[in-house]
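FYI, the numbering for the sequence shown is 872 to 969, going by this note's numbering.
Here a beta-carbon is modelled for each residue, glycine too, at the ideal position from N, C-alpha and C.
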Amino acid sequence: MSCRAIAMIASFARSALLHKTNSSDLVRQRIIGLLANTAALSPEDLDGSASLVEEEPLTFGSTVASLHSELGLKILGGCCGTDDRHIRALASRLATGT
């Protein structure tokens, strides 16, 4: 039996979603969700950081909501560094559409 992915939820740096290697229609159709890190930096830039690097919750909410609109993501959530403030800001942004 042969199996293939029909959809994926990504948990990685948001900038990777916008990288040219992820711009094909097939990739865009298959990535249906994002569990976003609170830092817009690459993993290489974050590696070895002595403290938590995070965006303000309102910036996080705005950025992830924009990715939702641009890419048609269906499932949104948080990963490293997110807490209730970030998820509340995202939910508020999605609810108001602003």
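- Message: Please return the same chain residues whose Cβ sits closer than 6 Å to the Cβ of residue 970, not counting the five positions on each side in sequence.
- Response: Past the edges of the chain, shown from 872 to 969, lies residue 970, and the structure says nothing about it.
- Let me know if residue 875 comes out buried or exposed under the rule of 16 or more other beta-carbons within 10 Å of its beta-carbon. Per the 10 Å Cβ criterion, exposed.
- Top-ranked residue by Cα proximity to residue 942, from 878, 877, 902 and 879: For the options 878, 877, 902 and 879, the alpha carbon positioned closest to that of residue 942 is the one of 902.
- Message: Using 7 Å as the threshold, is the C-beta distance between residue 909 and residue 948 below it?
- Response: no
- Mind checking residue 919: buried by the 16 CB within 10 Å criterion, or exposed? exposed
- Message: So that I know if they touch, is there some Cβ in chain D lying closer than 7 Å to that of residue 926?
- Response: Reference to chain D is not applicable here, since this structure consists of a single protein chain.
- Identify whether residue 923 lies in helix, strand or coil by the three-state DSSP scheme. coil
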